[in-house]
Structures are given as structure tokens and as C-alpha cells.
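Here is the structure we will look at.
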Amino acid sequence: MINIKNSIYKIRFLDEISQKNTFIHKLHPLVKLIVSIFYIIMTVSYGKYEIFSMMPLLIYLVLVFNLGDIPLKPILKRSLIVLPIVIGLGIFNPILDNKPIYIFHSISISRGWVSYLSLIIKSFLSVICALLLISTTSMDKLAKALQQLHIPKIIIMQLLFTYRYIYVLLEEFSNIWTAYSLRAPNQSGIHYKLWGPLLGQVLIRTYDRAERIYSAMKLRGYNTEFNNTENDKLILKDYIYLIFWIVFLLVVKFYNIPVLLGSIFTGA
Amino acid sequence: MSHHKVILNNVCFTYPDGKNALNGINIEIHHGESVAIIGANGAGKSTLLLSLVGILFPQKGEIRIGEMPVTKKTLNIVRQKIGFTFQNSDEQLFNSTVYEDVAFGPRNYKLPEDEVKKRVEKALEIVGASHLKDRPPYKLSGGEKRSVSIASVLSMEPDILLLDEPSSSLDPKARRKLINLLNQFKHTKIITSHDLDMVLDVCERTIVIGNGQVVADGNTFEILNNGELLDKYGLEKPFVLQGCPICSNKN
């Protein structure tokens, strides 16, 4: 029960931090969207054994965290969600690809472990980047930016409605769960015989409620056109931000910065 | 002024499951009137309100809002004239901040952004919620939510306000504030409620609905004082019109 209430709070948490008023929050949503997409594309395009050359990518995240005044812990916690999937996906890498790549003294590390690690790093970088995007840009502004990119309206509507109705679903579910657990004190979880009717209830109630919300929207002139928040024009600051990150990402992709730095310092 | 008249002419509505919700309703409401629609649960009040704004379309009869019939074609114009607040404010407030919510209607009508801003600020000021502007709606108290939901329809500058159970789930102080607020409005008001004391304070005219028909229509005080009529249709005299329990015991 507490878990559901918590997750409602948690989803809203991102909504709330997206309303802050920092340098990053004030940037044009379109610019942030493009930079994030580009960042993710660049991240996944690294070769599967290139761990060290990916390190400069962290700079972007660190800067957005700091300039956007985003709390680190909650975002990292949310990014853990993908961990099980990634662990599952890469689990056979170390077994299938067991040629040694590094040898320290007598311990050899196989290519499989390295590619496994790089897979995990890539997915974390991408997920954190996406989380940072929604914690610095509200959903409405993001939708507007997607529209400016000429993404079909129907896809954007799906996104907006899903995001809006998650609360509705969770709230209905938490109400039903409270009612259930108050009258079934000694049970942990819900008896399997009731799974069917209970889920049916949730579905019908959510549907009804969603219908009423939709009516409320229609009554205030909503006609599949979202006019929430007019995005401003791009200004110089936005262009500079965009160009800076694109150049940065391209540079770190094609020049192995850590190795370059290393060779400068060691004079090799 | 006849242009904001609300006329219902022999309106009938049957739900898909066969339930007859409205059985030939005839009502005429004039500009600036404040009308309460009361009746037991399931009497057809909500169906009536929903058909006024074209969420439901009656199978028979005609509804006219200010000389304009409510049909699919006229919905946009009709809905601009009518501000409808839901019984549950949560269903009406779905944006991330109060400001966005109040601006939702005007923006949908494609008003320029500076006009939207003006309207939002004015609407919030009228309901006394200017300080809530940047708060997320789900963090407000019940009374604040109600005020904001009223502001969110006021920003569309409607001529007619439809309020579904406006005083439900409000604490006494918030309820009193709401009553005072409603009394300030010059709009035509149509209110459904079980809170008959509020009806007595806000509306000069009352329509009683029973089994999908108008069973009484007239002066609020007279109707709410008619114990027999109210009892027959699942209602009860408002507390202020019931005798004082202590004094009447003494006699």
C-alpha cells in the first residue's frame, strides 16, 4: 500500500523538479530534446570494448545535474530500473567472448567482461540522460518540442495521455487496495481468487474516471490540439548550448580524450 | 436580455443500459437567474447537466443555450458560453501547475498569450487564489481545489455557470467562502446540490427533479419549506427551516 502511494509521490517528484527555474530549465525545450537524443545516439554508438573513451560523456551529466540543481540520489535510484534488463541482456557476454583483453599480473580480463561493463555503462548514461531531460523540462513543453520536430500528433497525444493517466490509474488502484486491506487484515497481498474481479474493477473505474477527465478537457475547448504552453523562440543562448554539446560529443567520440590527456601528462 | 436564456424543451434521455434518466424535461432559465436543481440520487440531475454541455445528447427534445441549439456543430460555441465545474475537482485539474490549469481553456480558444495571462490572473484573483498560481493542483486542500476549478472556468469568461455539487467535501469555512463567492457572480447559475442550506443562500429559484421529470419549479423558499413535497422526492427541509430541536422540545 505504502509502496503505491510512494510511487505516486515519486512520479510527481519529477514533475515538480521540472518546474524549477535554473539555467538548464530555462533553455528551450527543443534544444534540450535534440541534445539529449544526440547524446543517447552518440553513447550507444561507442564500440563495445571502448570503456575509457566513454568517460568524457559523464561531463555532460555532471554539468546538467549541477546547473539544473537536480538532486543526484533520486535520479540515480530511478535509473536502477533498467539494471535487471541490462544484466539479463549481457549475461552471456563474458561466457561467449572469453578472449583476454587486459592482463594485470596474473589476472586476465576477458573481452566479454569488458563488453558487458560497457553495455551497462551505456544504458546507465542513456537512462540518466533521459531522466535529466524530463526533470528539467515539463511534459507539456516536451510535447510542444516534439511537435516542432514534426513527430506525428497521434504519437505525441499517446505520450501525453499516458503520462497524465498514470496518476489516475495509480490513485484508483491505491484506493481499491486500501479498501481491500482494511477488510483483510491478516493477509499479505491479495488473495488470488480476487485478482480477476479486482483488476476488472480497477480497469472500469479508471476508464470511467479517464472519461470524466476527458470530458473536463473537452468542455474547456480541447480539440486534439494542445496549446499548453507556447514555446518561446530560440535565442542565442539556446544555439550556443546546442552547438557546444554537439561539437563536444563529436570531439569526444572521434578523439580518445582520456588517452590524449594521459599521453600529454606522461609525455609519451 | 434573452441571449443567455437556457431552454429545455421536452428533453428525454435513455442510457444504453435502458435506464430512463430524463423523461420530458421542460425548463426555461433566464439571464442572470440563479437556479438550483435538486432531487434524490439517481433522479437525473447529472444527466441533465451533462446534456446541457453536450457530453450527452438527448434522444428526444431540444436544448437551446442563448438561441442556439446544442448540437455537435455548435458545441464549440456553446461550451465557450458555459463554465462547468465537476463534483470532483480532481477530475478537472490535470495540469502540472494551477496557472496552466486556469490557462487551459483560454489557450484552447487560441487567445494570445498576454490575454491568457490577464484572464488567468483575473480569474484567480476573483476566487482569491492568486497565491496558489505556481503550486501543483494535487497538493492543494479541498477548498483550494474548488476555488481553482471555478477559476479554471471563469478564465473562459462564460455567461453561464453550471456547478455540480459545488459544496461537496468542503469544510464549513470553505463552504461559506464558496457561498459568498457564488453570490458575487452576476452569471446565470445552475447548481445541482444536496446541500439545501446552500441552495437557500445562493439560489432564488429551485427546480425539483424526480424520476427524470420536473416535479416542482418555483421560489426556493417556498419549495424548500414544503416538507411534504421534499419528503416525497427523497429530500428533507434544510436545517435552517427545520424547527430548533431544543425550543420545539420545550413546547
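So the sequence lines, in the order shown, correspond to chains Y and S.
So the first sequence is numbered by our numbering: it starts at 98 and just counts up by one.
So the second sequence is numbered by our numbering: it starts at 1495 and just counts up by one.
Built from N, CA and C at the ideal position, the CB exists for glycine as well.
Since this is a predicted model, take the numbers as computed values, not measurements.
The C-beta of Ala276(Y) has fewer than 16 other C-beta atoms within 10 Å across all chains shown, which makes the residue exposed.
Approximately 6 angstroms separates the beta-carbon atoms of Leu1690(S) and Leu1718(S); this is inside 8 angstroms, confirming the contact. Neighbours of Arg1573(S) in chain Y, taken as residues whose beta carbon is under 8 angstroms from its own, are Lys315, Leu316, Arg317 and Gly318 in chain order.
Under the 8 angstroms criterion on CB atoms, Ile310(Y) is classed as interfacial with respect to chain S. When the alpha-carbon of Ile1703(S) is set against those of Lys1726(S), Met1692(S) and Val1547(S), the nearest one is in Lys1726(S). Counting along the chain, the unbroken beta strand (DSSP E) around Ser205(Y) starts and ends at Ile204 to Ser207.
The Cβ atoms of Asp1595(S) and Val1642(S) lie closer than 8 angstroms to each other.
For Asn1602(S), the nearest beta carbon of chain Y is closer than 8 angstroms to its own beta carbon. Here the C-alpha atom of Ile1501(S) lies approximately 6 angstroms from the C-alpha atom of Ile1523(S). For the region 259–277 of chain Y, the set of residues with a beta-carbon nearer than 7 angstroms to any beta-carbon of chain S comprises Arg261, in chain order. Note on geometry: alpha-carbon atoms of Val161(Y) and Thr234(Y) lie some 12 angstroms from one another. Distance from the CA atom of Val1693(S) to the CA atom of Asp305(Y), rounded to whole angstroms, is 29 angstroms. For Asn1535(S), the closest Cβ of chain Y is not nearer than 8 angstroms.
DSSP places Asp1725(S) in the helix class (H, G or I) of the three-state scheme. Shown here, Pro1552(S) sits in coil according to DSSP, grouped into three states, outside any helix or strand. Per DSSP, Leu1657(S) is one residue of the beta strand (DSSP E) stretching across Ile1654 to Asp1658. Here Ala1645(S) is near Leu1618(S), since their CB atoms are less than 8 angstroms apart. Met1650(S) reaches chain Y at Arg317 and Gly318, counting residues in chain order whose Cβ is nearer than 8 angstroms. No Cβ-Cβ contact shorter than 8 angstroms links Lys1575(S) with Asp1658(S).
Between the alpha carbons of Leu228(Y) and Ile172(Y) lies a distance of about 7 angstroms. Apart from sequence neighbours up to five positions away, the residues of its chain that approach Ile206(Y) with a beta-carbon distance below 7 angstroms are Pro197, Ile198 and Tyr199, ordered along the chain. Straight-line measurement puts the Cα of Pro1630(S) at about 8 angstroms from the Cα of Asn1589(S). The beta-carbon separation of Ile1685(S) and Pro1660(S), rounded to 6 angstroms, stays under the 8 angstroms limit for a contact. Here Ala1537(S) carries a coil assignment [DSSP, helix/strand/coil]. Around the beta carbon of Thr1714(S), a 10 Å sphere encloses 16 or more other beta carbons of the protein chains shown; the residue is thus reported as buried.
For Glu147(Y), none of the residues of chain S pass the 8 angstroms Cβ criterion, the least Cβ distance being about 39 angstroms. As a beta-bridge residue in DSSP terms, Phe201(Y) pairs with Ile204(Y).
Among the residues of chain Y, those whose CB is under 9 angstroms from the CB of Gly1599(S) are Leu316, Arg317, Gly318 and Tyr319, following chain order. At a C-beta separation below 8 angstroms, Glu1522(S) has no neighbours in chain Y, since its nearest C-beta there lies roughly 23 angstroms away. Within the region 282–324 of chain Y, the alpha helix (DSSP H) runs of at least 4 residues that lie entirely inside it are, in chain order, 292–316. Ranking Tyr1593(S), Thr1508(S) and Lys1616(S) by CA distance to the CA of Leu1626(S) puts Tyr1593(S) first. From the listed residues Ile131(Y), Leu111(Y) and Thr119(Y), the smallest Cα separation to Ile340(Y) is found for Ile131(Y).
Nearest C-alpha to Asp112(Y) among Ser203(Y), Lys219(Y), Tyr264(Y) and Leu214(Y): Tyr264(Y). Rounded to whole angstroms, Glu1722(S) and Gly1518(S) show a C-alpha spacing of 24 angstroms. Annotation for Ala242(Y): no beta strand (DSSP E) segment contains it, though the alpha helix (DSSP H) segment containing it runs Met236 to Gln245.
If you look at Ile1673(S), you'll find it in the alpha helix (DSSP H) that goes Pro1666 to Gln1678.
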